[in-house]
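Chemist: No gaps in the numbering here: position 525 of the sequence shown is 525 in the UniProt record's numbering, and each next residue is one more. This is the structure I want to talk about, given as structure tokens.
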Amino acid sequence: MTRRRPTAFDVSFPEDAQLESTSRLSTTTSEIGSMSHARKRNRTGDEAPEGRAPKQRQLPPVAYYSSRENETRESAEPIPGEDPEGDPCEDGEKPIRFLTDFSIFDPKHRNEMISLAALEEDDGVDRHFEGAGWVAPQFVIEDVAQEDWQDTEPVYLRLGAILRFSLDYKLSKDPIYIETEYAWYILKTPSKAYAATYKAFYTPRRISQLIISAALQRPNYTHEAFLAHYKEMVDIFGRTCQEEDYWDAAPELQTIVQGLEEYNRLKTVPIIKRLLREASSQPSRIRKLRPSLSKPRNRLPHNNLAFSGNLDLAVLSPENQNVTCVTPHIAALAEGLVQEELIVVGPRPPMWDKAEVEYQERKALAHLRSLIKRAKSMHRRNIDWRKQDRVAPRSDYVTTMKIDGEYYHIGDYIIVPIGRDGRKQAPDLPDDESAIPSTAKLPDYFWFAKIMFFNPGNNEVHVQWLEHGSQIFLQELAHPQELFLNELCDTIDINTITSKVVVRQQTDVPAEKTDFFYKFVFMKETGAFISIDRKRYSMVEQQQPPENCPVCMLHGHREQENNLAMLRGVNGQLNGFAYKGVKYHHYDFVLCKVAEGPADIGQIRKMFLDDDENDTMVTIKRVGRICSLEDILPGDTLRDERHVYMTDEEVTITIQDIIRTICVLPYQSIFDLDKWLAMSPDHFYTRFSFPSLRVSSWEDRKQIDYDQLELCGECSEAQSKWDDAMKRFLLTKRSRPMSVLDVFGGIGSFSSGLKAGFPGFNVTHAIEISPSAAKSFKANSPNTIVYNQCANIMLRYMVKTFSGHQTDVPKQLYDGKTAVPEPPKPENIDVVVAGFPCQSHSALNMFKSANDPKANLILNALSYIDHFRPSLCFFENVPGFLRYALNTTQVSIHRVEGGIPMGGLKIVIRALVDMGYQVQFCLLHAGHYGVPQRRVRFFIVAALHGYPLPKFPRPSHDFPTSETLQIKLTQGNPVQPFQGFIGTAPHPFVSIDNAIGDLPLFDWKHPHPHTLSDEKRREMRVRERTITAVECDQQASHWGPLEMAYRHAPRTSFQAAMRKKETRSLQHYTKTMKIAKVERVVTIPLKPNADYRSLPAHLLEWQASNASSSAARANYKQGLYGRLDGKSYFPTTVTNMGPTAKQCRVLHPHCLRMVTVRELARSQGIPDHFIFKALGDSVVTMHRQIGNAVPYPLAAALGRSLRDALFEKWIEDQENAIRIEDD
């Protein structure tokens, strides 16, 4: 039977694959032992010297493969991490795997290592080809990996007979595949012993692939252009590409080109024409290829789409990735930092005058040397001051001093030699100019400061510090002339002043390279870059020294705010206290710290005030949560964490145990409960009271009437005004919403969640490459213009269209025919949202690449910011992005090293700051915002200079895990948004049962009931009376009950939120899988955290029972076929869910099946009105969409934070407008 080679994506996801029967013309080439014609080249001309005899390439020494103790024989069983379940496989489909540290050898000849080229040539020897190496599933890397699942590991596999190899020369990124009886393998890096043999086989083929794929796109491609790029590349062996190899590849190229359908077109391309002429001088090396037995389907660029098979997977495959497109500004920042040759779209900046640049560099170095020399000689200074420069007649402070004949004034900027900062030793100032490196810069030796005032009596000067970007975590990626204000000041010795320096507060870069500028304040504690508060600075600058230091004033204000202060009413009597910026009165409701779980709630009844905060106590009346009474609540009562009950219990606590005030109102006083609760996580309501916090009977409750709840009149009035103002503000914003572009939009969960938190958003445009995800986005946001295209293609189209250039209109990928809609103009986009792809940064990516184009999509995202210049930007990625280093070196297939640590973060911050954006970043845990899942993600929020920069949302929900969420920067303080949030959140965490308990229960029907005992069959029949058992039809696209009604009304606030809008389709069904897996699933006991270890021996899979499997080597760790605990939370929801997949703890806590599409959506907090579209109704595609999504409640929390920031600015503007009218 003719064998077919499916693509990597087709086979990794067999339920999606639609294979075509095709034949393939072989594109493989010559035997490794052929003669080489290495020769010296004429580097200045087009022609190589003719007529020279070829040199013989030395054959690699004979080597032999030695078996390893840990090697496992290849078989039909899946390898760890491989999940080939789904629809029954069509004949001929095989999984795709990665093979690294591999060797190819002949077991008939003592395991002699041999070239793959011998597969297609008869050398007169009866050969048999086998291989061995580390193997991992292909989709573990190519799928959009998630950060938190790390159990998949490579297995060392001894392959069976190798049938053939395959390489598509028309696609520059197509890998070399080998096929065995059981799988296709993508070849990565050979073993050290096999490297020489493989290099001779691989190098001419790789060069031919690069040339042919480029020539098909560029008819005028020359060998000079190719060589200029090729000689800067690094091959898979870690070696810089050599020109000699290029010329040696000519005969191989001739053989390949002559076998292609495009031969007549290719032979006219200058580079190929030149190499064909070169190859013609070596006729002895030209071979005739055997016909091939298989041909992969043609794969074309996205802009010219003619994909076959599953489009959702094809558009993500490596061979179909487009080159990263960037704007000129982003390209300039990335120059020399990435190995990919970026495509630059937009007008290029003016060329630099090289001579002028070199002159400025020499001038700056000479200036630095003179300053170091001066600093070294500052032992005796001539310091003087004048009486008339005193701030006041008898003041100790002066505004001006004369140092070594030069006047220094308040407001001047100075430099002082770097001293000890508590973290590292100060650099020594060189004694000799020759010891100063030519690359040295001023910030390498000096600190920057602004003079606030002088105290000549003490020989001191008070300064506010500024920091150069290289002195904070930006380090090597900092702008060479940019400084940042910070909230640090100091009093230093006047003798440490080395010199004045030109520093300007401005956004433009000074022309003089020895001048500096600043426009932002760098917050050392949070890592944020924020706009300068000109109002505060102007107010302070008007004060006389020593009151003119803005930092001193700020710290004084904070200290005063944090200290305990008594509050008095209009009658002058004590009525409360202020502590850490919060005012407290009688009858205020407060949150109180606890050791674990959500914070306690209480109402202040008595105050024992003292000047010492340690002696100030308050008595609170304890308040309980209705949701904590689950065991006694009637079935129709909503378990709402916002619904609290009053008690008669009182307890006295210290004020250090109080977190903040919250708002509790009687139920009858709230006009629209849902809207009022949506205003803030700190809004609660009450309807009942009980004698004590511990409640034994629901009948003990007493109704609370409107006038029975005592409240602070002052706070109630302030809350009422706040509510009214917020309503007016939201009405204003809804009438003039901010237009949002969602790049890498997925199903729209990120942007839709932001809109849920801030209704002033209107998601007008979105870009999503996956056809199914794009259709899901459109179905859930019908008014959004969705571009089903690659973000690189769309950037090029948008920039060129805006610039007035004629350009081909891209086609929607879902059909390859429909033109995409017109792009928006920059002035029409206010917000850009980008959850840029994460697989390159994921901990799951076992094959790190120094030249991974997916890693460069962050540059594309930044280019959208550069083009549109929106007011706000939101970015999301996995925590692994923080480990992304730029300009790394490939040291093995698994590892890269060197480069710029945290380079991804640094270039993002540098680019945003360059473009005038305030920036802040942090790690957030979705569980802290009401998501029933353990999921940590990295976020960046940016706002234009002068625009409100929202704070990251305070955790609203407790969560059982204890991640610190701390970011350790390469220099400076760690960044952590919230300190000590355990026991401080207002709400309990959302459990699995809380999240999905209202969805219909159903089981999978046992496929082999006759094998069960009589007792088990009786149990099964009894169970089926209350829980439906569905047939596992192998021909169906999914499994689930025909009736899709909810089990009951919502019983938790989470369930109510999910069902707030009516759904068009509940999609409460599971993926399908093979009968053997079904039997294992339904056999796992209905116990929390039960897994494969509970299965009888005859049902265990190979990796769970074989002593040579990776699971055995890991001591059979738990997880496979894992059952969820309904009282706990979901593990991280990823893109590949199944009993043996990446996330294998997927069995329903109370049903004999895995979780459904809707249950997985609930794990991400995605409301039920969201529906998921998928080509062929593929449930696996729906899983992928859900796993890639940003949790909806987390996005909504970010939206509320933005709403609050904009509301605060709106209030300020309203007050300023009133003042102007009054004036």
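Think of the CB as a built atom: it goes at the ideal place given N, C-alpha and C, for glycine as much as any other residue. These numbers come from a predicted model, not from an experiment.
For my contact list, residue 758 and residue 740 are in at a C-beta cut-off of 8 Å; report their separation, rounded to the angstrom.
Modeler: Walking along the sequence shown from the start, residue 758 turns up at place 758. Walking along the sequence shown from the start, residue 740 turns up at place 740. With a Cβ gap of about 10 Å, residue 758 and residue 740 do not count as contacting.
Chemist: Do you know how far the Cα of residue 1120 is from the Cα of residue 992?
Modeler: Counting from 1 along the sequence shown, the entry for residue 992 is found at position 992. Counting from 1 along the sequence shown, the entry for residue 1120 is found at position 1120. Residue 992 and residue 1120: Cα-Cα distance of roughly 19 Å.
Chemist: Can you list, in chain order, the residues of its chain with a C-beta nearer than 7 Å to that of residue 271? Leave out the 5 residues immediately preceding and following it.
Modeler: Here residue 271 is taken as the residue at index 271 of the sequence shown, counted from 1. The residues are 211, 215, 221, 222, 223 and 226.
Chemist: Quick check: residue 1279 and residue 413, are their CB atoms within less than 7 Å of each other?
Modeler: Outside the shown range of the chain (1 to 1223) lies residue 1279, about which nothing can therefore be said.
Chemist: What residues match up with residue 651 in a beta bridge as DSSP calls it?
Modeler: Residue mapping note: residue 651 aligns to position 651 of the sequence shown, counting from 1. According to DSSP, which records beta bridges pairwise, residue 651 is partnered with 620.
Chemist: For residue 447, is the classification buried or exposed, using 16 other Cβ atoms within 10 angstroms of its Cβ as the cut-off for buried?
Modeler: Taking the sequence shown and counting its residues from 1, the one referred to as residue 447 is at position 447. Label assigned to residue 447: buried.
Chemist: Can you look up residue 450 in the DSSP assignment and give me helix, strand or coil?
Modeler: Taking the sequence shown and counting its residues from 1, one reaches residue 450 at position 450. Of the three classes helix, strand and coil, the one that applies to residue 450 here is strand, per DSSP.
Chemist: Which residue spans inside the region 991-1059 form an unbroken beta strand (DSSP E) run of at least 3?
Modeler: Correct list: 1002-1004 and 1028-1030.
Chemist: How would you label residue 1042, buried or exposed, when you count the other beta carbons within 10 angstroms and need 16 or more for buried?
Modeler: Along the sequence shown, read from residue 1 onward, the residue named residue 1042 stands at position 1042. Exposed is the call here.
Chemist: For residue 60 and residue 133, I'd like the C-alpha separation in whole angstroms.
Modeler: Taking the first residue of the sequence shown as 1, we reach residue 60 at position 60. Taking the first residue of the sequence shown as 1, we reach residue 133 at position 133. One C-alpha to the other measures close to 20 Å.
Chemist: Between the beta-carbon of residue 265 and the beta-carbon of residue 158, is there less than 7 Å?
Modeler: Reading the sequence shown from its first residue, position 265 is the one you call residue 265. Reading the sequence shown from its first residue, position 158 is the one you call residue 158. No; because the gap between Cβ atoms is not below 7 Å, this pair is not in contact.
Chemist: Tell me whether residue 285 sits in a helix, a strand or coil according to DSSP, three-state version.
Modeler: Translated into the one-based positions of the sequence shown, residue 285 becomes position 285. Note that residue 285 has pLDDT 49, beneath the 50 cutoff, so the model's placement of it is unreliable and the number below is only indicative. Reduced to three states, the DSSP call for residue 285 is helix.
Chemist: My output table needs one value for residue 715: the three-state DSSP class, helix, strand or coil.
Modeler: Indexing the sequence shown from 1 puts residue 715 at position 715. Here residue 715 sits in helix by DSSP.
Chemist: CB residue 725 to CB residue 1185, shorter than 7 Å?
Modeler: Position 725 of the sequence shown, counting from 1, holds the residue named residue 725. Position 1185 of the sequence shown, counting from 1, holds the residue named residue 1185. No, Cβ-Cβ distance for residue 725 and residue 1185 is not below 7 Å.
Chemist: If you measure between the beta carbons of residue 1173 and residue 779, is that distance less than 7 Å?
Modeler: Residue 1173 sits at position 1173 when you count from the first residue of the sequence shown. Residue 779 sits at position 779 when you count from the first residue of the sequence shown. Yes. Within cutoff.
Chemist: Is the region 945-964 touching the region 1094-1103 in the sense that three or more CB pairs, one from each, lie closer than 8 Å?
Modeler: Flag = no, the region 1094-1103 and the region 945-964 do not touch.
Chemist: Can you tell me whether residue 738 is buried or exposed? The criterion is at least 16 other CB atoms within 10 Å of its CB, across all chains shown.
Modeler: Reading the sequence shown from its first residue, position 738 is the one you call residue 738. Classification for residue 738: buried.
Chemist: Quick check on DSSP: helix, strand or coil for residue 491?
Modeler: Sequence index remark: in the sequence shown, residue 491 carries index 491 (1-based). In this structure, residue 491 counts as strand in the three-state DSSP scheme.
Chemist: So, helix, strand or coil for residue 744, using DSSP?
Modeler: For the purposes of this step, residue 744 is taken as the residue at position 744 of the sequence shown. Three-state DSSP puts residue 744 in coil, outside helix and strand.
Chemist: Report yes or no: do three or more beta-carbon pairs, one from the region 430-437 and one from the region 349-364, lie closer than 8 Å?
Modeler: As far as the Cβ criterion goes, the region 430-437 does not touch the region 349-364, which means the pair count is below three.
Chemist: Please specify which runs of the alpha helix (DSSP H), each continuous and at least 4 residues long, are wholly inside the region 303-355, giving them in chain order.
Modeler: Taking only runs of at least 4 residues, the alpha helix (DSSP H) segments lying wholly in the region 303-355 are 311-314 and 328-334.
Chemist: Could you name the residues that DSSP lists as bridge partners for residue 601?
Modeler: For this step, residue 601 is matched to residue 601 along the sequence shown. Per DSSP, 591 and 623.
Chemist: Which of helix, strand or coil does DSSP assign to residue 169?
Modeler: On the sequence shown, residue 169 is found 169 positions in, with the first residue counted as 1. Here residue 169 sits in coil by DSSP.
Chemist: Could you tell me which whole alpha helix (DSSP H) segments of length 4 or greater appear in the region 146-231?
Modeler: Segments of the alpha helix (DSSP H) lying fully in the region 146-231: 195-217 and 223-230.
Chemist: Buried or exposed for residue 470, going by 16 or more other Cβ atoms inside 10 Å?
Modeler: Position 470 of the sequence shown, counted from the first residue, corresponds to residue 470. Result: buried.
Chemist: How long is the line joining the alpha carbons of residue 550 and residue 920, rounded to whole angstroms?
Modeler: To locate residue 550, count along the sequence shown from 1; it is residue 550. To locate residue 920, count along the sequence shown from 1; it is residue 920. Roughly 22 Å separates the two Cα atoms.
Chemist: Identify every residue that forms a DSSP beta bridge with residue 738.
Modeler: Sequence index remark: in the sequence shown, residue 738 carries index 738 (1-based). Beta-bridge pairing links residue 738 to 761.
Chemist: Label residue 1224 either buried or exposed according to how many other C-beta atoms from any shown protein chain fall within 10 Å of its C-beta, with 16 as the threshold for buried.
Modeler: As displayed, the chain neither begins before 1 nor continues past 1223, which places residue 1224 out of reach and without an answer.
Chemist: Could you give the DSSP three-state label for residue 552: helix, strand or coil?
Modeler: Numbered from 1 along the sequence shown, position 552 holds the residue referred to as residue 552. Three-state result, residue 552: helix.
Chemist: Quick one: measure Cβ to Cβ for residue 1002 and residue 1040, integer angstroms, because I've assumed they're closer than 8 Å.
Modeler: Translated into positions along the sequence shown, residue 1002 becomes position 1002. Translated into positions along the sequence shown, residue 1040 becomes position 1040. Correct: roughly 7 Å between the Cβ atoms.
Chemist: What's the gap between the Cα of residue 1298 and the Cα of residue 552?
Modeler: Within the shown structure, residues of the chain are numbered from 1 to 1223, placing residue 1298 beyond reach of any answer.
Chemist: Let me confirm a value: residue 44 is counted as buried when at least 16 other C-beta atoms fall within 10 Å, else exposed. Which label applies?
Modeler: Here residue 44 corresponds to residue number 44 of the sequence shown, with the count starting at 1. Note that residue 44 has pLDDT 37, beneath the 50 cutoff, so the model's placement of it is unreliable and the number below is only indicative. It counts as exposed.
Chemist: Determine, using beta-carbon pairs with one atom in the region 1004-1021 and one in the region 1074-1087, whether at least three such pairs fall under 8 Å.
Modeler: As far as the Cβ criterion goes, the region 1004-1021 touches the region 1074-1087, which means the pair count is three or higher.
Chemist: Is the beta carbon of residue 1191 sitting closer than 7 Å to the one on residue 831?
Modeler: Residue numbering aside, residue 1191 sits at position 1191 when the sequence shown is read from its first letter. Residue numbering aside, residue 831 sits at position 831 when the sequence shown is read from its first letter. No, they are not a contact pair.
Chemist: Along the chain, where does the alpha helix (DSSP H) containing residue 914 start, and where does it finish?
Modeler: The residue labelled residue 914 in the question sits at position 914 within the sequence shown. From DSSP, the alpha helix (DSSP H) with residue 914 extends over 903-914.
Chemist: CB residue 1197 to CB residue 953, shorter than 7 Å?
Modeler: Along the sequence shown, one-based indexing puts residue 1197 at 1197. Along the sequence shown, one-based indexing puts residue 953 at 953. Yes, Cβ-Cβ distance for residue 1197 and residue 953 is below 7 Å.
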